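Visitor: Numbering (the working numbering), first residue to last: 59 to 380.
Glycine is no exception: its CB is placed at the ideal position from the N, C-alpha and C atoms.
If you're wondering where the values come from, they're calculated on a predicted model, not measured in any experiment.
#1: In the stretch 178-253, which residue ranges form an unbroken alpha helix (DSSP H) of at least 4 residues, counting only runs that do not cross its ends?
#2: Using the DSSP secondary-structure output, state which residues sit across from residue 135 in a beta bridge.
#3: Consult DSSP for residue 158 and reduce its assignment to one of helix, strand or coil.
#4: Check the C-beta distance from residue 208 over to residue 138 and give it rounded, since I have them as a contact under 8 Å.
#5: I need the straight-line Cα distance from residue 168 to residue 147, nearest angstrom please.
#6: Assuming contact is defined by CB atoms lying nearer than 8 Å, are residue 190 and residue 184 in contact in what I supplied?
#7: So, at 6 Å on beta carbons, what are the nonlocal neighbours of residue 108 in its own chain, with the 5 sequence-adjacent residues on each side left out?
#8: For the structure I just gave you, are there three or more beta carbon pairs, one from the stretch 272-279 and one from the stretch 328-347, closer than 8 Å?
#9: Hey, is the stretch 320-327 in contact with the stretch 364-379, meaning 3+ C-beta pairs nearer than 8 Å?
#10: Could you tell me which residues DSSP pairs with residue 267 in its beta bridges?
#11: With DSSP as the reference, please indicate the residues paired to residue 298 in a beta bridge.
#12: Report buried or exposed for residue 213, applying the criterion of at least 16 other Cβ atoms within 10 angstroms of its Cβ.
#13: By DSSP's criteria, residue 171 is part of a beta bridge. Which residues make up the other side?
#14: Distance check for residue 152 and residue 288, CA to CA, integer angstroms please.
#15: For the alpha helix (DSSP H) that residue 280 lies in, which residues bound it at each end?
#16: Among the candidates 378, 247 and 344, whose CA atom is the shortest distance from the CA of residue 298?
#17: Taking DSSP as the reference, what is the three-state secondary structure of residue 334?
#18: Going by C-alpha to C-alpha distance, which of 135, 155, 134 and 136 sits closest to residue 144?
#19: Leaving aside the five residues before and after residue 341 along the sequence, list all residues of the same chain whose C-beta is less than 8 Å from its C-beta, in chain order.
#20: Just the Cα atoms here: how many angstroms apart are residue 165 and residue 157?
#21: What's the gap between the Cα of residue 174 and the Cα of residue 316?
#22: Out of 266, 278 and 218, point me to the one whose CA is closest to residue 233's CA.
#23: Please classify residue 193: is it buried, with 16 or more other beta-carbons within 10 angstroms of its beta-carbon, or exposed?
#24: Under 8 Å between C-beta atoms, does residue 143 make it to chain D?
#25: In angstroms with no decimal places, state the Cα-to-Cα distance between residue 221 and residue 247.
#26: Rounding to the nearest angstrom, what Cα-Cα distance links residue 359 and residue 162 in this structure?
#27: Which residue from 244, 301 and 227 puts its Cα closest to that of residue 263?
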């Protein structure tokens, strides 16, 4: 143990002992001085041994802080226009900023396109971890932060004066009453007691029933579709079919009297598919049954028949990822 390895307090202690030894006038005094020297050496050795432990203990919190924090806020869903930061622990080349494109995907290194729209940062980070661990990174630790939010889109359809799809600021609280006003307000024949809201929940579509003015403060979410039915339909025995997604005129329509309504006809009555529609993945959702995916492109080519719809069915035409 060198003098350089001791702290200032230890060196001063040894200096005092050395002086006592030099001043000792008798063997008894010298013995006392040697005893003090040994005590000093033991004390200094203990201090020197404690210093690395203290430094190690101080370093531990820094190592813990370096670990990426997991995202636990699943309330906020990602969508087109959002900007996010993906951080991979100890893998800076796989970390960076990404913007969600109009198809709801990001182009991530090594993994390619990853669908993130309608999902929470926590869900996306878990998927990236799983994909990286398969072939590239052992025990991947991924965290995602949202650094910019794109505009949200809400559709207001049916008995309103200006039906359509409307953009709102991401931070804006969009209430049902506000959305109806933006769409020009209800028509004279609107049935405000039976407004339906179609909401995507991952791969599922949830149907909510609200009314005005009781639910005017109901908060809408990204990609919600508000459907205002007609009072005329109340007196009709004909059930409704709803066509949503990438069609020219999304909304609800009555089943024709005396004949069936097939999928291809329903899409045509909704104005047909848009240029960005993914016709190969159209889904039909029927109450009490599992969703069915239909390839409308093959129907149009005459390769498979067009399935017959039932009252209450919801047809969803997704957007192409390319």
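Guide: If we stick to the structure as given:
#1: Fully contained in the stretch 178-253 are the following alpha helix (DSSP H) runs of length 4 or more, in chain order: 179-193 and 234-240.
#2: Residue 135 is not bridged by DSSP to any residue.
#3: DSSP places residue 158 in the coil class of the three-state scheme, outside both helix and strand.
#4: Contact between residue 208 and residue 138 holds, with the beta-carbon distance rounding to 6 Å and staying under 8 Å.
#5: Rounded to the nearest angstrom, the two C-alpha atoms are 16 Å apart.
#6: No.
#7: In this predicted model, residue 108 has a pLDDT of only 49, less than 50, meaning its place in the structure is not dependable; the value taken from the coordinates is given anyway. Contacts found: none.
#8: At 8 Å Cβ cutoff, the stretches do not touch.
#9: Yes, they touch.
#10: DSSP output for residue 267 lists 254 as bridge partner(s).
#11: Answer is 312, bridged to residue 298.
#12: Its Cβ being crowded by 16 or more others within 10 Å, residue 213 is buried.
#13: Paired residues: 165.
#14: Put simply, the backbone Cα of residue 288 is about 53 Å away from that of residue 152.
#15: In this chain, residue 280 is not harboured by any alpha helix (DSSP H), its DSSP state being neither H nor E.
#16: Cα-wise, what sits closest to residue 298 is 344.
#17: DSSP places residue 334 in coil when its eight states are reduced to three.
#18: Of the listed residues, the one whose Cα sits closest to residue 144 is 155.
#19: For residue 341, where only same-chain residues beyond five positions count, the Cβ hits under 8 Å are 349, 350, 351, 352, 373, 374 and 376.
#20: Pairing residue 165 with residue 157, the inter-Cα distance amounts to about 9 Å.
#21: Using only the alpha carbons, I get a separation of about 44 Å.
#22: Of the listed residues, the one whose Cα sits closest to residue 233 is 278.
#23: The residue in question, residue 193, is exposed, as its Cβ has fewer than 16 Cβ neighbours within 10 Å.
#24: Absent here is chain D; the protein component of the structure consists of one chain.
#25: Rounded to whole angstroms, residue 221 and residue 247 show a C-alpha spacing of 14 Å.
#26: Counting only the Cα atoms, residue 162 lies some 29 Å from residue 359.
#27: Comparing Cα-Cα distances from residue 263 to each of 244, 301 and 227, the minimum goes to 301.
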